[in-house]
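For reference, the structure is listed below as structure tokens.
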Amino acid sequence: MSAVRPLDPTQANVAAVRATLAAAFVDDPMLQWIFPHAVQQAQATAAWLGLFVEAFADGGVVDLVDASASASADADAVNSASARAGADERTTACAVALWRVDEGSLAFSSLPSVGGLLAAFLSVERATQVGNGLRAFADHKPQPPFHYLQFLAVSPGHQGNGLGRALVAHGQQRAAAAGVGVYLESTNPRNLPFYGS
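In my numbering, the protein residues as written are 1239 to 1435.
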């Protein structure tokens, strides 16, 4: 079977997951709304999403497909690991899923904070507008318990090979074993056929 390993939350491996997430989301409509200036978009997207990756590496669940894995959609090609689990080698993730599997909140860095980094890239006024817009998602969440797929990303060179589908299926199996449903949001209309199938 393909070489798939758990995320070892070293600085280099967290950076690899951040890079995959940023590459997949740089043209996402929501991220383009948040960071509308193309000059800063890639860097700002990577830095801002990096705060989420760090929090999930510490207290969420990170599922990944290593770049050396085959492009098979077989669920065995997916390795789920709490980011606290470890492997010895550097991760070269080509597909990642970041899940909240309990109702507890993640521990985000206080410096830089999610809002503080937005204000640094944008302005305090624009960061407030973005924060208000993002809080609107909370009004549509179902009642817990559920497993929340906050981010699903496949690097552009690996898209269309079933890796995202395998990651979602793996998370659905974990949720079913826990007796809960799965919840996600998509901000990109291009992804609706994927999630609808």
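In this text, a Cβ means the ideal position worked out from N, Cα and C, and glycines have one as well.
As the structure is a prediction and not an experimental result, all values here were calculated from the model.
So, at 8 Å on beta carbons, what are the nonlocal neighbours of residue i in its own chain, with the 5 sequence-adjacent residues on each side left out?
i: Ala1415; result: none
i: Gly1371; result: Trp1271
i: Leu1387; result: Ala1335, Leu1336, Trp1337, Val1406, Gly1409, Val1420, Tyr1421, Leu1422
i: Ala1358; result: Pro1350
Leaving out five residues on either side along the sequence, give the residues of the same chain with a beta carbon under 6 Å from the beta carbon of residue i.
i: Phe1432; result: none
i: Val1255; result: Val1291, Ala1331, Val1334
i: Leu1401; result: Val1303, Ala1333, Val1392
i: Pro1350; result: none
Smallest Cα separation from residue i: which of the options?
i: Leu1360; options: Tyr1421, Ala1282, Pro1380, Gln1388; result: Ala1282
i: Arg1338; options: Gly1398, Ala1280, Leu1422; result: Leu1422
i: Gln1279; options: Leu1356, Val1392, Phe1294; result: Leu1356
i: His1408; options: His1385, Phe1375, Ser1343, Asp1340; result: His1385
i: Val1264; options: Ala1345, Gly1398, Ala1391; result: Ala1391
i: Ala1365; options: Gln1411, Phe1346, Leu1269, Arg1403; result: Leu1269
i: Ser1348; options: Gln1397, Leu1289, Val1277, Pro1274; result: Leu1289
i: Ala1257; options: Pro1274, Val1277, His1275, Ala1284; result: Ala1284
Based on the DSSP output, what are the partners of residue i in its beta bridges?
i: Val1334; result: Leu1302, Ala1391
i: Gly1369; result: None; Gly1369 has no bridge partner.
i: Val1420; result: His1385
Can you list, in chain order, the residues of its chain with a C-beta nearer than 7 Å to that of residue i? Leave out the 5 residues immediately preceding and following it.
i: Pro1267; result: Thr1425, Asn1426
i: Leu1259; result: Leu1287, Val1291, Val1334, Phe1389, Ala1391
i: Val1252; result: Val1291, Glu1292, Ala1295
i: Gly1419; result: Phe1384, Ala1413
i: Ala1261; result: Ser1393, Pro1394
i: Ile1272; result: Val1368
i: Pro1382; result: Glu1341
i: Val1362; result: none
i: Phe1346; result: Leu1289, Ala1293, Val1352
i: Lys1379; result: Tyr1421
i: Phe1375; result: Glu1423
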